[in-house]
Amino acid sequence: MSKSGISYLAAGSKEVRLFKGMNLRTKTLISIGLTVVLLMLIIAGNFTLSADNISTNFEIKNQPPSAVNLFGTDWLGRDMFTRTVKGLNISLAVGMIASFVSAVIALVLGISAATLGKRVDGLVTWLIDLFLGVPHLVIIILIAFAMGGGIRGVIVGVAVTHWPSLARVIRAEVMQLRSADYIQVAQKLGKSRWWIATKHLLPHLAPQFFIGLILLFPHAILHEAGISFLGFGLSPETPAIGIILSESMRYLSTGMWWLAFFPGLALLVMVRSFDILGSNLLLLFDPHRARE
Amino acid sequence: MQGGKRFIFSLVFISFIFALFFFSGCFEQVPATENGGADTDEAPKDELILAVGYEPDEGWDPVAGWGRYGSPLFQSTLLKRDSNLRIENDLATSYEVSEDALTWTVTIRDDAVFSDGEKLTAGDVVFTFQKTKESGSVVDLNLLTEVKALDDYTIEFTLERPHSAFSAILVSTGIVPEHAYDSNYAENPVGSGPFKLLQWDKGQQLIVEANPLYYGEQPFFKRITFLFLEEDAAFAAARAGEVQIAAIPHAFGDQQVSGMSLVNLESIDNRGIMFPFVKASGETEDGKPIGNDVTADLAIRQAINIAVDRQALVSGALNGFGTPAYTVCDHMPWWNPETVLNDADFESAAAILAEAGWEDTDGDGILEKNGLKASFSLIYPASDMTRQALALGVAEMIRPLGIDIKAEGKSWDDIQELMHSNAVLFGWGSYDPIEMFNLYHSSMAGFSWYNTGFYSNAAVDEYMELALSATSEEEANSYWKKAQWDGETGFSGKADAPWAWLVNLGHLYLVDENLDIGKQKVQPHGHGWPFTDNIAEWKWR
């Protein structure tokens, strides 16, 4: 082990130890690769695992983890591994739709706040403050409840609550861009607002937008799980992580730890993967942070 | 790093939610230690802490329905049932029914006083029944035309039509004091029962103490605390020795708790599938759709009734704590034993379907008839794990038959919208035969939670009317039995099959080994409170 290696170790970062001898870019790429593979596996699992595994089978209920049932079975004899993977996929789908809608709202509001004059800016900023001021969960519960529960309510609820922080970032970015020389020139050359927005602003905003989108994911997924856990979301026979976790609470006192442990861990791993993915992509795309 | 912060935030967020749940569970238990002593050994000899019932929404007001299951605690009733379900006197000293079965005359005891010292007279009884009739609550008194006091201790009830089951109403209606009844009564009940209210912390606990003015035998326990805990919290409390009795779900039935024994009480607390009886046909007055083309087919309903393996549901969904159910009133005096089906019989079920023209023409495993797929939704209340297990279990059992049942969990509000056009997993079970009338008589179609499937059969209607106008219990029961199955028709699974009854739940309680809870009756619907019916007789061994 080289001297510089030791000093790196002394610095204490586990990541450094793991990726010893690689440069920053390779490390980032590997992190991204690993998380993408993991997420792909979850999605692939949805299609390869048969729905028969999660049909009721009283003969094999309440079984601890084994080679056949990796995560054990629940009180209806359903395979917890299959339920968990399917649950993660529901979370993924909800997260994907909700964060995409959220990000688009953020983009539209952010750009219009920065370009359409003081009054619009005031309105959008007020909206952002309003939504940031109220706890997400409360609004999501209200919306999901008003829409009669179900996956639609959850998606709408998550989508309309998660845009404000990204909208604020985009607004600031556009404000900064507007004073850039080439945009001033384009304006003087008589280019239309639309032309400037699509040709000059959007390309600059793309990295912020996509990374914001990815970083919204873990948030959206956790909120989906949270709202299902509280019973305002999906119907209880759906294999969703929040439902699995809230069911398992009832059985904890009988010692059936596997009902909560594995699905909870799986949720954590997936959320963390998105987080790592998002921050590493940020390192790749954002020239200011390339050396971090 | 921004991502790191987000991650930490997410973690904190999750732990916050979980913490919220854990601690809300704990807070509910705190008062137990404050008010009763945490340990059995330390608890004074005549105190009891229970976690058995849910908190009634209507409070402690019999006019609004309190006490129709189990003991009303604070109030007493005109009549009561002994442990063999025979009717005996309580406040009443005697009662008579006129020849035409329209007039009931009840004489009450003259030594009953309310817990505030005022005497209980016929005026209070009249007031109670008038108030109940006006309130339009779950207690249906439409058939009562007049109630009047003949003297201070005699009451005369006049009925609109003969009603042999009227005594059941006298059993379930606690008498409230006219002088102390106001809008706050549900929170400050005053009555002539064995207990009086000491403290009620909504959502947490109810503490009662013995009523020294009670006319009957003084209860052994001078002070009883009812904790309103979720089932798993009740189980945890029992384990920690904080309660002497805890109601527990079936899933916990095989758990051992030292110092406590498991009591599995038989019940008629049944669960079954209600099928819409008519084809899709319009809406109710308030716009709820009526009818379902698939379940309107007799063959579908009968096939499910015969194919379903009730014993497997008992051992699977109820962990073995329960019995198969064939009607709404199994083993009651008015039950017709001929209604028991030879179930789990797939061949006969398949034959019934084939004969009715159901056939799998497109090879997808689901039967069709004239382009109609044998597929329907079975709605269950999302919050009820037992009903979920039953719904999913039945759906799985029936699938090989070629009938596709989609189990869906909904809130009670949604169920009210959907219950006329979808199969629903309901539960009933009462000591009162009028329940059969409510569920199966055509005049009750679409009324409240009763005949939601719009079932109607003129012969059944007639039998039940005859049963109500019967003057003796035997005569009434013979008609009730015929309404179920008279050899040709009836509302049981043998004939019209508007319901597929599945199981009677066993009611499970963990009871302190040293506690004598007397002889318990077959339990009706409503886990928890029915158990307290003989609470005044409980004592230490």
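Note that the protein sequences, when read in sequence, are chains Y and E. The opening residue of the first sequence carries number 1 in our numbering; numbering runs sequentially from there. The opening residue of the second sequence carries number 293 in our numbering; numbering runs sequentially from there. A virtual CB, placed ideally from N, CA and C, is assigned to each residue, including glycine.
1. Contact check, Ala595 of chain E vs Leu693 of chain E under 8 angstroms by CB: the rounded distance?
2. Ile43 of chain Y: buried (16+ other C-beta within 10 angstroms of its C-beta) or exposed?
3. Determine the contact status of Trp830 of chain E and Gly810 of chain E, defining contact as a CB-CB distance below 8 angstroms.
4. For Ile183 of chain Y, which residues of its own chain have a beta-carbon under 7 angstroms away from its beta-carbon, when the five flanking residues on both sides are left out?
5. CA-CA distance, Asp578 of chain E and Leu39 of chain Y?
6. Counting only Cβ pairs nearer than 7 angstroms, list the residues of chain E close to Leu76 of chain Y.
7. Short check: CB of Phe245 of chain E to CB of Val482 of chain E, under 8 angstroms?
8. Taking all protein chains shown into account, do 16 or more other C-beta atoms lie within 10 angstroms of the C-beta of Asn662 of chain E, making it buried, or fewer, making it exposed?
9. Over what stretch of residues does the beta strand (DSSP E) that includes Gln491 of chain E continue unbroken?
10. On the DSSP bridge assignment, give the partners of Phe518 of chain E in chain order.
11. Please go through the stretch 701-737 of chain E and give each complete beta strand (DSSP E) segment of 3 or more residues, from N-terminal end onward.
12. For the beta strand (DSSP E) that Asn796 of chain E lies in, which residues bound it at each end?
13. Can you pull the chain Y neighbours of Ala604 of chain E, defined as C-beta to C-beta under 9 angstroms?
14. For Arg250 of chain Y and chain E, any beta-carbon pair shorter than 8 angstroms?
15. I want to see whether chain E comes within less than 8 angstroms of Ser253 of chain Y, judged by CB atoms only; does it?
16. Looking at chain Y, is there any beta carbon in it that lies within less than 8 angstroms of the beta carbon of Ala636 of chain E?
17. Suppose you measure from the CA of Asn23 of chain Y to the CA of Glu173 of chain Y; what does that come to, to the nearest Å?
18. Please state the DSSP three-state secondary structure of Val124 of chain Y.
19. Three Cβ pairs or more, each shorter than 8 angstroms: is that satisfied between the stretch 95-114 of chain Y and the stretch 246-258 of chain Y?
20. Please name the residue, chosen from E:Ala681, E:Phe823, E:Ile707, E:Ser456, that lies closest to Leu758 of chain E on a Cα-to-Cα basis.
21. Going along the chain, which unbroken runs of the alpha helix (DSSP H) with 4 or more residues stay wholly within the stretch 363-447 of chain E?
22. CB-CB under 7 angstroms to Ile32 of chain Y, same chain, minus the five flanking residues each way: which ones, in chain order?
23. May I ask you to list, following chain order, the residues of the stretch 448-463 of chain E that have a beta carbon less than 8 angstroms from some beta carbon of chain Y?
24. Does the stretch 504-517 of chain E touch the stretch 758-777 of chain E, meaning 3 or more C-beta pairs lie closer than 8 angstroms?
25. Among E:Glu639, E:Ser386, E:Phe613, E:Lys571, which one has its Cα closest to the Cα of Val600 of chain E?
26. Hey, does Ser607 of chain E have any beta-carbon neighbour from chain Y nearer than 8 angstroms?
27. Should Gly345 of chain E and Phe518 of chain E be called a contact, given that it needs their Cβ atoms to be closer than 8 angstroms?
28. Assuming Ala159 of chain Y and Phe232 of chain Y form a contact by the criterion Cβ under 8 angstroms, report the distance between their Cβ atoms to the nearest whole angstrom.
29. Using the rule of at least 16 other Cβ atoms within 10 Å of the residue's Cβ for burial, across every protein chain shown, is Asp561 of chain E buried or exposed?
30. Phe315 of chain E by DSSP, collapsed to three states: which one?
31. Within 10 angstroms of the Cβ of Glu237 of chain Y, are there 16 or more other Cβ atoms? Answer buried if so, exposed if not.
32. Here's the rule: buried if 16 or more other CB atoms are within 10 angstroms of the residue's CB, otherwise exposed. What is Leu794 of chain E?
33. Please state whether DSSP places Arg78 of chain Y in a helix, a strand or coil.
34. Taking only beta-carbon positions, decide if Ala674 of chain E is within less than 8 angstroms of chain B.
35. If we cut at 8 angstroms on Cβ distances, does Asp524 of chain E have a partner in chain Y?
36. At which residue ranges does the stretch 94-180 of chain Y contain complete alpha helix (DSSP H) runs of 4 or more residues, listed in the order of the chain?
From the atom records:
1. Translated into the one-based positions of the second sequence, residue 595 of chain E becomes position 303. Translated into the one-based positions of the second sequence, residue 693 of chain E becomes position 401. Yes, they are in contact, since the Cβ atoms of Ala595 of chain E and Leu693 of chain E sit about 6 angstroms apart, within 8 angstroms.
2. By 1-based counting over the first sequence, the position of residue 43 of chain Y is 43. Per the 10 Å Cβ criterion, exposed.
3. Your numbering for residue 830 of chain E matches position 538 in the second sequence. Your numbering for residue 810 of chain E matches position 518 in the second sequence. Going by C-beta atoms, Trp830 of chain E is nearer than 8 angstroms to Gly810 of chain E.
4. Sequence index remark: in the first sequence, residue 183 of chain Y carries index 183 (1-based). For Ile183 of chain Y, where only same-chain residues beyond five positions count, the Cβ hits under 7 angstroms are Leu177, Ile196, His200.
5. For the purposes of this step, residue 578 of chain E is identified with residue 286 of the second sequence, where counting begins at 1. For the purposes of this step, residue 39 of chain Y is identified with residue 39 of the first sequence, where counting begins at 1. Roughly 48 angstroms between the two C-alpha positions.
6. Here residue 76 of chain Y refers to the residue found at position 76 when the first sequence is read from its first residue. Near Leu76 of chain Y (Cβ distances below 7 angstroms), the residues of chain E are Ala681, Leu684.
7. This structure cannot settle anything about residue 245 of chain E, because the visible part of chain E is limited to 293 through 833.
8. For this step, residue 662 of chain E is matched to residue 370 along the second sequence. The residue in question, Asn662 of chain E, is exposed, as its Cβ has fewer than 16 Cβ neighbours within 10 Å.
9. Looking up residue 491 of chain E in the second sequence gives position 199. Unbroken beta strand (DSSP E) run through Gln491 of chain E: 487-493.
10. The sequence position of residue 518 of chain E within the second sequence is 226, counting from 1. Among the bridge pairs identified by DSSP, Phe518 of chain E is matched with E:Leu342, E:Leu498.
11. If we require 3 residues or more, the beta strand (DSSP E) runs fully inside the stretch 701-737 of chain E come out as 715-720.
12. The sequence position of residue 796 of chain E within the second sequence is 504, counting from 1. For Asn796 of chain E, the uninterrupted beta strand (DSSP E) run begins and ends at 791-797, by DSSP.
13. On the second sequence, residue 604 of chain E is found 312 positions in, with the first residue counted as 1. The answer, in chain order, is Phe58.
14. By 1-based counting over the first sequence, the position of residue 250 of chain Y is 250. With 8 angstroms as the cut-off, Arg250 of chain Y counts as an interface residue toward chain E.
15. Stepping through the first sequence from its first residue, residue 253 of chain Y is reached at position 253. Yes, contact with chain E.
16. To locate residue 636 of chain E, count along the second sequence from 1; it is residue 344. Interface annotation, Ala636 of chain E: not in contact with chain Y, CB-CB separation never under 8 angstroms.
17. Against the first sequence, residue 23 of chain Y aligns to sequence position 23. Against the first sequence, residue 173 of chain Y aligns to sequence position 173. One Cα belongs to Asn23 of chain Y, the other to Glu173 of chain Y, and the distance between them is close to 30 angstroms.
18. The residue given as residue 124 of chain Y occupies position 124 in the first sequence. In the structure shown, Val124 of chain Y sits in a helix (DSSP, three-state: H, G or I).
19. Contact fails: fewer than three Cβ-Cβ distances are below 8 angstroms.
20. Here residue 758 of chain E corresponds to residue number 466 of the second sequence, with the count starting at 1. Of E:Ala681, E:Phe823, E:Ile707, E:Ser456, the residue nearest in Cα terms is E:Ser456.
21. Annotation note: the stretch 363-447 of chain E contains the following uninterrupted alpha helix (DSSP H) runs of length 4 or greater, listed N- to C-terminal: 414-427.
22. Within the first sequence, the letter at position 32 stands for residue 32 of chain Y. Excluding residues up to 5 positions away in sequence, Leu277, Asn280, Leu281 lie with their Cβ nearer than 7 angstroms to the Cβ of Ile32 of chain Y in the same chain.
23. For the stretch 448-463 of chain E, the set of residues with a beta-carbon nearer than 8 angstroms to any beta-carbon of chain Y is empty.
24. No, the stretch 758-777 of chain E does not touch the stretch 504-517 of chain E.
25. To locate residue 600 of chain E, count along the second sequence from 1; it is residue 308. Cα-wise, what sits closest to Val600 of chain E is E:Glu639.
26. Position 315 of the second sequence holds residue 607 of chain E. At least one chain Y Cβ lies under 8 angstroms of Ser607 of chain E.
27. Residue mapping note: residue 345 of chain E aligns to position 53 of the second sequence, counting from 1. Residue mapping note: residue 518 of chain E aligns to position 226 of the second sequence, counting from 1. Yes, these two residues count as a Cβ contact at 8 angstroms.
28. The sequence position of residue 159 of chain Y within the first sequence is 159, counting from 1. The sequence position of residue 232 of chain Y within the first sequence is 232, counting from 1. Actually they are not in contact, since the Cβ atoms of Ala159 of chain Y and Phe232 of chain Y sit about 16 angstroms apart, beyond 8 angstroms.
29. To locate residue 561 of chain E, count along the second sequence from 1; it is residue 269. By the neighbour-count criterion, in which a residue is buried when 16 or more other Cβ atoms sit within 10 angstroms of its Cβ, Asp561 of chain E is buried.
30. Numbered from 1 along the second sequence, position 23 holds the residue referred to as residue 315 of chain E. For Phe315 of chain E, the pLDDT reaches just 46, beneath the cut-off of 50, and the residue's location in the model is therefore unreliable, leaving the point undetermined.
31. Numbered from its first residue, the first sequence carries residue 237 of chain Y at position 237. Per the 10 Å Cβ criterion, buried.
32. Sequence index remark: in the second sequence, residue 794 of chain E carries index 502 (1-based). Under a 10 Å Cβ-count criterion, Leu794 of chain E is classified as buried, with 16 or more other Cβ atoms of the shown protein chains found around its own Cβ.
33. The sequence position of residue 78 of chain Y within the first sequence is 78, counting from 1. Here Arg78 of chain Y sits in coil by DSSP.
34. Although the question refers to chain B, the structure presented lacks it and instead comprises the protein chains Y and E.
35. In the second sequence, residue 524 of chain E corresponds to position 232, counting from 1. By this cut-off, Asp524 of chain E is an interface position.
36. Within the stretch 94-180 of chain Y, the alpha helix (DSSP H) runs of at least 4 residues that lie entirely inside it are, in chain order, 118-133, 136-146, 150-159, 164-178.
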